[in-house]
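Enquirer:
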Amino acid sequence: MATPIKNRKTSLLPDVVENILSHVRENEIVAMARDVVNIPSPTGEEMQMAQYMQSALQKLGLTVTWQEVEEGRANVVARWTGLGGGKNLMFNGHMDTSNTGREDFLAGLGYKPNAIVKDGFLYGLGIYNMKGALVCYTHAVKALQQSGIQLKGDVIIAAVAGEIEKTQWGEFRGKEYRGYGCGTHYLVNHGILPDMCILGEPTDMHVVLEHFGSMWVRISCTGIYVHTAFCEGREEMNSIRRMHVLMEPILKWIGDWQVKASYGGKKAIVNLGGIRGGRAWRASRTPEKTDLFLDVRVPPTIPMNEARRDVQRLFLELEKQHPDFGLEFETYLSVPGARIDENHEMIQAIEANHERVMARPPEREVVTWCSDASVLSRYGIETVNYGPSSGPRDREGEKVRIQTLVDITKIYALTAAQLCGVAA
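Position 75 (the sequence shown) corresponds to 75 in this note's numbering; numbering is contiguous.
(1) Entirely within the stretch 70 to 114 and at least 3 residues each: give me those beta strand (DSSP E) ranges in chain order.
(2) Is Ile157 close to chain C, meaning its C-beta is less than 9 angstroms from at least one C-beta of that chain?
(3) Just the C-alpha distance for Glu61 and Gln146, rounded to the nearest angstrom, thanks.
(4) Between Met1 and Glu171, what straight-line distance do the alpha-carbon atoms span, to the nearest angstrom?
(5) So does Leu246 have its beta carbon nearer than 8 angstroms to some heavy atom of the ligand MG?
(6) Residue range of the alpha helix (DSSP H) that Gly132 falls in?
(7) Tell me whether Lys410 is buried or exposed, calling it buried when 16 or more other Cβ atoms sit within 10 Å of its Cβ.
(8) State the DSSP-derived secondary structure class of Pro14, mapped to helix, strand or coil.
(9) How far does the alpha helix (DSSP H) with Trp216 in it extend, from its first residue to its last?
(10) What residues are listed by DSSP as bridge partners for Gln67?
(11) How far does the alpha helix (DSSP H) with Arg309 in it extend, from its first residue to its last?
(12) List in chain order: all unbroken alpha helix (DSSP H) runs of 4+ residues lying wholly within the stretch 355 to 419.
(13) Leaving out five residues before and five after Pro4 in sequence, what residues of the same chain have Cβ atoms less than 6 angstroms from its Cβ?
(14) Report yes if the C-beta distance between Ile340 and Glu210 is below 9 angstroms; otherwise report no.
(15) For Arg178, count the other beta carbons within 10 Å of its own beta carbon; 16 or more makes it buried, fewer makes it exposed. Which is it?
(16) Can you tell me whether DSSP reads Tyr263 as helix, strand or coil?
(17) According to DSSP, what are the bridge partners of Arg297?
(18) Considering only the beta carbon of each residue, do Cys182 and Ala158 sit closer than 9 angstroms?
(19) Can you give me the Cβ contacts of Asn238 inside the same chain, cut-off strictly under 8 angstroms, excluding the 5 residues immediately before and after it?
(20) Using only the alpha-carbon positions, how far apart do Ala416 and Gly132 sit?
(21) Indicate the three-state DSSP secondary structure (helix, strand or coil) for Asn271 in the structure shown.
(22) For a quick check, are the C-beta atoms of Val155 and Asn88 less than 9 angstroms apart?
(23) Return helix, strand or coil for Tyr225, following the three-state DSSP convention.
(24) What does the alpha-carbon distance come out to for the pair Asn7 and Arg79?
(25) Taking the C-alpha atoms as reference points, what is the distance between His94 and Asp256?
(26) Looking at the structure shown, is Ser55 part of a helix, part of a strand, or coil, going by DSSP?
(27) In terms of alpha-carbon separation, which member of Ile116, Arg313 and Glu71 lies closest to Met427?
(28) Using the three-state DSSP reduction, which class does Ile5 fall into: helix, strand or coil?
(29) Under 8 angstroms, with one C-beta from each stretch per pair, do the stretch 214 to 223 and the stretch 235 to 254 reach the 3-pair mark?
(30) Between Trp253 and Asn114, what straight-line distance do the alpha-carbon atoms span, to the nearest angstrom?
(31) What does the Cβ neighbour count give for Pro323, buried or exposed, with the cut at 16 atoms within 10 Å?
(32) Let me confirm a value: Lys142 is counted as buried when at least 16 other C-beta atoms fall within 10 Å, else exposed. Which label applies?
(33) What ranges does the alpha helix (DSSP H) occupy inside the stretch 155 to 205, keeping only unbroken runs of at least 4 residues that lie completely in it?
(34) Taking only the alpha-carbon atoms, compute the straight-line gap between Glu317 and Gly326 and give it to the nearest angstrom.
(35) Given 8 angstroms as the limit, is there contact between the stretch 115 to 130 and the stretch 383 to 403, that is, 3 or more CB pairs closer than that?
(36) Under DSSP, the alpha helix (DSSP H) around Glu30 begins and ends at which residues?
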C-alpha cells in the first residue's frame, strides 16, 4: 500500500509542466540506454563508460569536469548552471556494474553487456543497477533545456566510478576490488557539494527514505598443518573442524542480531559471505587456518562502532571457550546506513511529481541494501534513493520496462525544476 502523503504540492505552473513533459522522448531514451548497456564497465573498468558520458553531457552544452579517481577510472561531473538564487540539486549514479558479464554461471539476457529490447522491456547488464538512471538524468536535463525555461539553481549530473559492494582484502587487491563508494568519496572530497541529491538506484519507483548499513567481519581459527597419514588422533585440531564447532554459536548470534537489530519491518540480515580453508590441490594436508566472512547489515539507528562491539562480544566469548583455537577477529569494511526526513522538500517534490505522472502516490520503503547516500549524507548532502526498475531480477537478469524509464525521466525533470526554481 502507498503511504498517505500530507500537504503534497508543487509550485510548477500547469503550462510549465506540460512544456517540460512534451520534450521527453522515448526513442532517444531507448537509444542512449542501448548505448550504455553495450559498454562493459565492471568495477575498475569504467573508463569507456566515463568517456561516453562525458561526450553525451558535453553535447548538452553542460560544463563537464573530468575527475581522475585513479589510473583508468574517472568520475564525470556535469553542471547546468542556473541564474542564481536557487538550490543546487545533484543526480548521482554509478557506472560500474554488479557483475562483469563474463561469469559463466550467469547466462540470462540481462547479465550480459548486450542491450536487447523485448516485450516492452530493455534487458542488459547495468540497465537496472544503475545505467538506466544515468540515462534518465541526462534526458531530464535535455527536456528542461528544450522547454526553454531557465532555473535559478544548478542541476548537477555525477556519473561515478566504484560503487558496487566490493572491497580489498588480503590478496584481493587492485581497481576491481575498490568499490563501495570510492567514486562518490572522491567526488565530495574534491568540491562537488550540492544542497541535495537524488540517487536513481533501482527502487521500483519507491521512495527509499532509509537504508541499512553494512559491516564485513572476519572470524578465523587456526589448526595444525600435517600430512593426512600423520593426523590420526589429532583430527579435531583441523581448522575446518574447529570452524564447524564455532558455527553453532555464530549462527545463534546471527539469529539474535537479525531480530534485535530489525528496523522498518526488515530483518538485520547477516550473510555467510564466504569461508575458506585448506587447498584443493593438496587435500593431503590438514588446513592450518580457516576464515569465515560475514556481511552484517546494520540499521541506520545503530552506530557502526556499537554494531562492531556486539560482534566482538561474540568473538571474545568464543575465545574464552576455545583458547587453543588461535582465534582472530577483524572488521574490514564499514558503510553506515542513511536516512532522510520524510518532510524534506525533496521528498515532497518527488512524491508530488510522481503522483502527477503516475496518477497515484509512490510507496515508501526501508531497504537492507546500501548506497552512496551513506557517503553523501555524511557531508551534509541530504540524499534520497528513488529510481527505476521492474521488480526482482529473475533468471534473465537485469531488465527495466521502457515506460518506466520514460516516466522516471519525466518525474526527475519536474522535480529538478521545482527544487531549483524556475526563473520568471
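Think of the CB as a built atom: it goes at the ideal place given N, C-alpha and C, for glycine as much as any other residue.
The structure displayed is predicted, hence computed values, not measured ones.
Expert: So, from the listed chains and residues:
(1) 73 to 80 and 89 to 94
(2) Given the protein chain composition of this structure (a single chain), no chain C is represented.
(3) Just to set this straight, residue 61 is Gly in the shown sequence, not Glu. Near 12 angstroms, if we compare the C-alpha coordinates of Gln146 and Gly61.
(4) Low confidence applies here, because Met1 scores a pLDDT of 35, under 50, leaving its location unreliable; read the following figure in that light. In a straight line, the C-alpha of Met1 is about 47 angstroms away from that of Glu171.
(5) Summarising the ligand content, the structure contains no ligands, and the ligand MG is consequently not present.
(6) Gly132 to Ser147
(7) buried
(8) helix
(9) No alpha helix (DSSP H) holds Trp216; the beta strand (DSSP E) holding it covers Gly213 to Thr222.
(10) Asn75
(11) Met304 to Gln321
(12) 373 to 377
(13) Reliability fails at Pro4, whose pLDDT of 36 lies under 50, so the model's placement of it is uncertain and the value that follows must be treated cautiously. Closer than 6 angstroms at the Cβ level, and outside the excluded window around Pro4, lies no residue.
(14) yes
(15) buried
(16) strand
(17) Ser214
(18) no
(19) Gly223, Ile224, Cys231, Thr286 and Pro287
(20) 18 angstroms
(21) strand
(22) yes
(23) coil
(24) With a pLDDT of only 42 at Asn7, under the threshold of 50, the placement of this residue in the model should not be trusted, and no figure is reported.
(25) 34 angstroms
(26) helix
(27) Summary: the structure shown does not reach residue 427, with the chain confined to residues 1 through 424, and so no result is reported for it.
(28) With a pLDDT of only 38 at Ile5, under 50, the local geometry of the prediction cannot be trusted, and no value is derived from it.
(29) yes
(30) 43 angstroms
(31) exposed
(32) buried
(33) 182 to 189
(34) 13 angstroms
(35) yes
(36) According to the sequence displayed, residue 30 carries Val and not Glu. Val30 -> alpha helix (DSSP H) spans Glu26 to Val37.
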